[in-house]
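A short write-up of the structure that comes next.
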Amino acid sequence: MAHVAIRGYSYCLNHTPELGLHYGNTPYMERKSHGETEFIKKLPDHVQSFDEACCYPPNQVYIGGMDLDALVDHPAPMYLNRLKNAPRFGKFGEIMPENEFLGLMDICDVFDLIWLDETFASDVSGALAKHPVMNQKVLSRLEKGHASSEIEEEVSKHGALPLYFQGKIAGCCRKGHDVDESLSAHVLLENIASKAGSVLALLHLLKSTELAPGDVDYVIECSEEAAGDMNQRGGGNFAKAVAEIAGCTSASGYDVRSFCAAPVNAMIAGAAQVASGARPNVVVLAGGAIPKLFMNSRDHVKKGMPALEDCLGNFAILLDPDDGTCPVMRLDALGKHSVGAGSSPQAITSALVLEPLQKLGLTFSDVDKFAAELQIPEITVPAGAGDVPVANFKMIAALAVMKGQLTKEEMPAFVKQKGIPGFAHTQGHIPSGVPFIGHACEAIAEGKYRRVMIIGKGSLFLARLTNLSDGASFIIEPGTGSSRQQGVTREDVREILLEALSELSKGLTG
């Protein structure tokens, strides 16, 4: 089966602490259930500034501004040992400040749901005009804004949600229907924010790959949000909505959902389309989830540390045929967590790690790095969830011991050698394997790694439909040009025919 090239990738964060303060699920439900509690009163004092977010080492790793190896050796706690003068932009993307992100949300709104204050809109228009990936067609979508009195009326009388910047109302998100809860202002705010994050990642991807928007053939979106109305909740389609704003007029697309396993499933779905010849290229992307902002902030506040979950995470990855110049996804040894596989950690690890390796006659030691759930430990440990990446690597090592491929004494060295430090925000789908793809491809291209495995796992029981989990995995290796060897393109046929006709013409005239 053909391999599929990972042609490009982008990773961005949107620093949105005020969206988190008001609409992150933990503070939102606390305020709704108990009012202005001590936790709610203290939370603003624990919010990071934009500069602090930029200088937080895991954030820099996410956008490609810092090497993963440097993160391993960085002193802890990292929020007390920040980088100095860290840039907003990295080689994979950027950390966008909240004012610009609110402007981008307005740009992505096609139903007049986002209203920005006219003064704020003017200021953010000037800021976005200087942005390196914003073109004039995108910028022209930003509205001039509304009077503050109009926004106040929408909020007080018509159910709109206020949007804040620097503690002041900068605009609002209006509801899309009077009685449809699926089109409430709250749901639409989450959906537009996720869409805007995907658009930003896609624009960065187009710039870094020098791919014209019109050349994008297909988009697969894999966030955790659901778009639809009361008659078809979750009907979609984020993918086409994102492609529309980015100017990808030749693209179509669809959404993939499977909680944290969705990105890996989406990568496999996109690669299958490319490998089969159905689509010349496919972009897999996702935007962030507002409800996950400040999800563990109660514990962060209790422990006197910054509330670190202040960023929406997003990514975009371009897949196309393997021509031997880029790292590739192997499609002949995909891991899957089947219905009958079992739900124990050992069973899941066996299905997603051991079985794909056995298909290729490989051992655990043949993989340079495993990437599963890559949450930042400084976020999860204070909340009692432990160091999630290390827990995954220990499980992989334990399975290797059980299969006689490793001794118990070798486990710590295996975890250190094959593992990856957590550097991704708790944005649900974002941590599961996918943030490492950019770093992995760079390392493979440099000859530093020969083979890595990307693992996605999802908690399906959250939807109250099944107690099963989900999972998928794939291997990335150096490109071989195998897809060229296994198939002939339409352009190849045309060139062959032209050459044959030329030779025939010479024969007739000779």
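Read in order, the letters of the sequence shown are residues 123 to 632 in this note's numbering.
Cβ coordinates follow ideal geometry from the N, Cα and C atoms, glycine included.
Per DSSP, Ala493 is one residue of the beta strand (DSSP E) stretching across Lys491 to Ala493.
Distance check between Cys177 and each of Gly435, Asn207 and Leu190 places Asn207 closest, using alpha-carbon atoms only. Setting aside the 5 residues that flank it on each side, Phe360 is surrounded in the same chain by Asn313, Ser316, Lys317, Ser320, Glu343, Ser345, Glu347, Ala349, Asp377 and Gly409, each with a C-beta closer than 8 Å to its C-beta; the list follows chain order. Asp351 and Val489 have their C-alpha atoms some 45 Å from each other. In the three-state scheme derived from DSSP, where H, G and I count as helix and E and B as strand, Pro199 is classed as coil.
The count of Cβ pairs closer than 8 Å, one atom from the region 208 to 227 and one from the region 519 to 530, stays below three, leaving the stretches out of contact.
Approximately 31 Å separates the beta-carbon atoms of His268 and Glu431; this is outside 8 Å, ruling out the contact. Straight-line measurement puts the Cα of Pro511 at about 15 Å from the Cα of Ala505. Residue environment: Lys424 is assigned as exposed (fewer than 16 neighbouring CB atoms within 10 Å of its CB, all protein chains considered). Taking a contact as a CB-CB distance under 8 Å, the pair Leu135 and Cys433 counts as one, their CB atoms being some 4 Å apart. For Pro478, the enclosing alpha helix (DSSP H) covers residues Glu477 to Lys481. Residue state for Leu407 is assigned as strand, using DSSP reduced to three classes. Its chain contains Cys382, Ala383, Pro385, Val386, Ala494, Glu495, Leu496, Ile577, Gly578, Lys579 and Gly580 as the residues whose beta carbon lies nearer than 8 Å to that of Ser554, once the 5 sequence neighbours on both sides are disregarded; these appear in chain order. DSSP, reduced to helix, strand and coil, places Tyr286 within a strand of the structure shown. When secondary structure is reduced to three states using DSSP, Gln258 falls in the helix class.
Asp167 carries a helical assignment under DSSP once its states are collapsed to helix, strand and coil. Using a 10 angstroms sphere on the CB of Asn221, the tally of other CB atoms reaches 16 or more, which defines it as buried. Non-local C-beta neighbours of Asp421 in its own chain, meaning closer than 6 Å and more than five positions away in sequence, comprise Pro504 and Ala505, ordered along the chain. Judged by beta-carbon spacing, Ala438 lies within the 8 Å limit of Leu407, meaning their Cβ atoms are closer than that value.
Membership of Ala249 in the alpha helix (DSSP H) is indicated by the continuous run Glu240 to Ala251.
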